[in-house]
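Just so we're aligned: the sequence shown equals residues 34 to 425 in our numbering.
Beta carbons are placed, not taken as given, at the ideal position from N, Cα and C, and that holds for glycine.
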Amino acid sequence: MTILQIPSPARAPAMKEAAPAFLPGLDREGLAAAIAPHLANPKQARMRAGQIFRWIYHAGVQDFSAMTNIARELRETLASHFSLQRPQIVSRQVASDGVRKWLLRSAEGIEFETVFIPDVARYGALCVSSQVGCTLTCSFCHTGTQKLVRNLSTAEILGQIMVARDDLDDWGSPAEARAITNVVFMGMGEPLYNLDHVAEAIDILADGEGISIGRRRVTVSTAGVAPRIPELGTRTNAMLAISLHATRDDLRDDLVPLNRKYPIAELLESIRAYPGLSNARRVTFEYVMLRGVNDSLAEARALVKLLAGIPAKINLIPFNPWPGAPFLCSDRAQIEAFADIVNRAGYAAPIRKPRGRDILAACGQLRSESVKARASARRAMPAERPSSPPGP
Ligand code: SF4
């Protein structure tokens with residue numbers, strides 16, 4: 034694994050030579066615009082961009098020399114101007130149940146986590162982050178204790194999938210044999226506060242010549258940014274998941290403080306407006322089971338009433354503890370009794386098996402040590418990793 038080279042401030046005067054621009058993160062149009070000035074015949078930019086797109090996202094190459102349908106001279110020119118680097122792996126942990134967690138670093142102070150969960154969905158799901166930290170302070174979530182550092186770029190979002198595919202030796206295999214068959218935006222951050230980059234990443238993910246994971250295998254989970262929910266559907270056609278966790282506004286105000294801005298009624302209205310909802314395209318509601326807080330049988334009945342008329346599935350998530358967490362997980366018997374009421378009302382209500390708890394990789398446990406740099410420190414730091422190369 035190559036390491037993203039970040040010149041230290043002490044070496045800043047040597048930076049007059051432009052650093053190579055990053056190609057991963059760009060779509061075909063962006064690639065064409067980036068490479069055109071370096072082609073003998075700029076009219077070939079679209080064709081070359083299509084080739085490079087396939088090499089980067091479908092084959093996962095990290096070296097221009099592997100792009101064998103491009104002439105050697107051009108490959109060398111591209112290599113002198115552009116980089117194919119991934120984010121650096123800071124640490125990699127494997128849990129006793131096979132869950133893998135990577136802490137990745139893309140720039141000075143920009144660290145984020147990605148988790149692979151084998152044996153879920155078709156074969157395995159990758160849980161990706163959309164922000165470093167989060168603004169939303171959900172009280173049951175470890176990430177919520179880390180202030181927002183910044184949104185991740187399209188390249189940084191895709192970089193998580195590419196690093197995981199490298200590590201799982203998952204490039205080039207036929208779709209039915211891949212380790213990663215599904216991607217869920219349920220890692221660090223609120224994806225709808227970074228919708229432009231999330232939507233760009235999903236376009237490349239879903240592209241048959243790109244990473245090639247269909248939109249119905251991509252799920253975006255939101256804490257409930259109601260006005261952006263229909264837009265998410267229109268722009269990405271991804272599957273929708275909602276972090277619900279409570280059936281009353283007073284309780285949800287505490288668990289998911291965003292509820293004070295977009296209360297439950299407004300949230301449900303926006304969910305009903307999600308394009309393409311049907312029994313074959315149901316919304317997943319996530320409900321974390323907190324002992325004595327939201328797990329009564331009366332709440333199970335209220336949940337059923339609340340979701341009436343919405344094609345839905347309810348994921349019951351036994352609370353995953355983290356250091357200093359103010360909650361306990363509900364008893365198994367209570368979770369089963371809760372699930373029984375929801376099931377009998379006709380909703381699928383699987384109880385999620387805790388995965389990766391021993392490496393703090395389970396739902397709600399992610400957190401990095403990145404902190405927002407003070408403005409003075411940011412000015413002294415090299416520019417953050419660009420999501421697109423500088424214009425010609
Ligand atoms: S649950 Fe999601 S939205 Fe809420 S604090 Fe955690 S990362 Fe942020």
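Within the continuous alpha helix (DSSP H) that includes residue i, where are the two ends?
i    : result
M195 : 187–200
V337 : 330–339
A372 : 365–377
Q84  : 78–86
I68  : 61–68
S113 : 105–114
A99  : Note, A99: premise wrong, no alpha helix (DSSP H); not H, not E.
D282 : 282–288
R305 : 297–305
So what does residue i bridge to, in DSSP terms?
i    : result
W204 : Partner(s): none; W204 has no beta bridge.
T317 : A274, K346
Q164 : N184
I384 : L349
Q121 : R138
C362 : L323
L159 : F149, V216
Q431 : With the chain covering 34 to 425 only, the question about residue 431 has no answer from this structure.
A54  : F115
S311 : R314
Return the first residue and the last residue of the beta strand (DSSP E) that residue i is part of.
i    : result
I350 : 345–351
T147 : 143–151
F218 : 215–218
L136 : 133–140
Please say whether residue j and residue i have beta carbons closer to each other than 9 angstroms?
i    : j    : result
A274 : N348 : yes
F352 : L393 : no
G142 : G222 : no
R119 : F86  : no
V326 : L277 : no
S116 : A54  : yes
S162 : L399 : yes
I237 : T269 : no
V216 : I262 : no
K76  : K405 : no
Q164 : F145 : yes
A271 : R248 : yes
Between residue i and chain B, is any beta-carbon pair separated by less than 9 angstroms?
i    : result
V253 : Among the chains of the structure shown, chain B does not appear; only one protein chain is present.
Suppose only complete runs of 3+ residues qualify. What are the beta strand (DSSP E) ranges in the region 220–268, listed by chain order? 251–255
Evaluate the contact criterion for the region 328–337 versus the region 303–314: three or more CB pairs, one atom per stretch, below 8 angstroms. no
Counting pairs of Cβ atoms below 8 angstroms between the region 82–95 and the region 144–164, do you hit three or more? no
Can you find at least 3 beta carbon pairs, one from the region 160–177 and one from the region 198–205, that sit closer than 8 angstroms? no
Using 8 angstroms as the threshold, is the region 357–374 in touch with the region 133–148, meaning 3 or more CB pairs across them? no
The region 205–219 touching the region 96–105, judged by at least three CB pairs closer than 8 angstroms: no
Contact the region 353–365 vs the region 172–181: 3+ CB pairs below 8 angstroms: yes
Under 8 angstroms: do the region 63–77 and the region 243–259 share three or more Cβ pairs, one atom per stretch? no
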